[in-house]
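Colleague:
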Amino acid sequence: QVQLVESGGGLVHVGGSLRLSCAASGSIFGLNLMGWYRQAPGKQRELVAVVTRGGSANYADSVKDRFTISRDNAKNTVSLQMNGLKPEDTAVYYCKAVVSNGGTSWGTGTLVTVSP
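Just so we're aligned: 1346 in the working numbering is position 95 of the sequence shown, and the numbers increase by one with no gaps anywhere.
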């Protein structure tokens, strides 16, 4: 079992920036895909960005050119730099990790609020 701890959420004005971080611990052998999902009130959880152990990243169209995902394999961390934030980015952001046997872990979430 992989434990994930997120940090970095908060309140920011439109156009501002935030950086989310997620640290993995526990059974991290074979840690493969890591990334971020978000869930806005009344909506389903959706992919924001994910990155493989080798550094290949995939982004939701809505965040391309604004968000950047990065990963430190030595520290088992993944970060999300969010620039040009919009009110529609308001959501609870969840860190996700997938290990090589397919097992999936989720963090408890961190709230990002973008005020007009």
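The beta-carbon is built from N, C-alpha and C at its ideal position, and this holds for glycine as well.
Quick one: what's N1309 bridged to in DSSP?
Modeller: DSSP output for N1309 lists V1301 as bridge partner(s).
Colleague: Cβ of A1342 within 7 Å of any heavy atom in the ligand GDP?
Modeller: With respect to the ligand GDP, the structure offers nothing, as it holds no ligand at all.
Colleague: Thinking C-alpha only, which one of S1351, K1315, V1329 and G1277 is nearest K1337?
Modeller: When only C-alpha atoms are compared, the closest one is K1315.
Colleague: Return helix, strand or coil for D1323, following the three-state DSSP convention.
Modeller: D1323: strand per DSSP, three-state reduction.
Colleague: Between F1318 and the rest of its own chain, which residues show a CB-CB distance below 8 Å, the 5 nearest in sequence each way excluded?
Modeller: These residues qualify, in order along the chain: V1299, A1300, Y1310, L1331, Q1332, M1333 and N1334.
Colleague: Please return the same chain residues whose Cβ sits closer than 6 Å to the Cβ of H1264, not counting the five positions on each side in sequence.
Modeller: Closer than 6 Å at Cβ, skipping near neighbours: S1366.
Colleague: Compare the Cα-Cα distances from N1324 to each of G1259, I1279, L1262 and T1355 and report the closest residue.
Modeller: The shortest Cα separation from N1324 among G1259, I1279, L1262 and T1355 belongs to I1279.
Colleague: Let me confirm a value: A1262 is counted as buried when at least 16 other C-beta atoms fall within 10 Å, else exposed. Which label applies?
Modeller: As written in the sequence, residue 1262 is Leu, which differs from the Ala given in the question. Classification of L1262: exposed, given that the 10 Å Cβ count is below 16.
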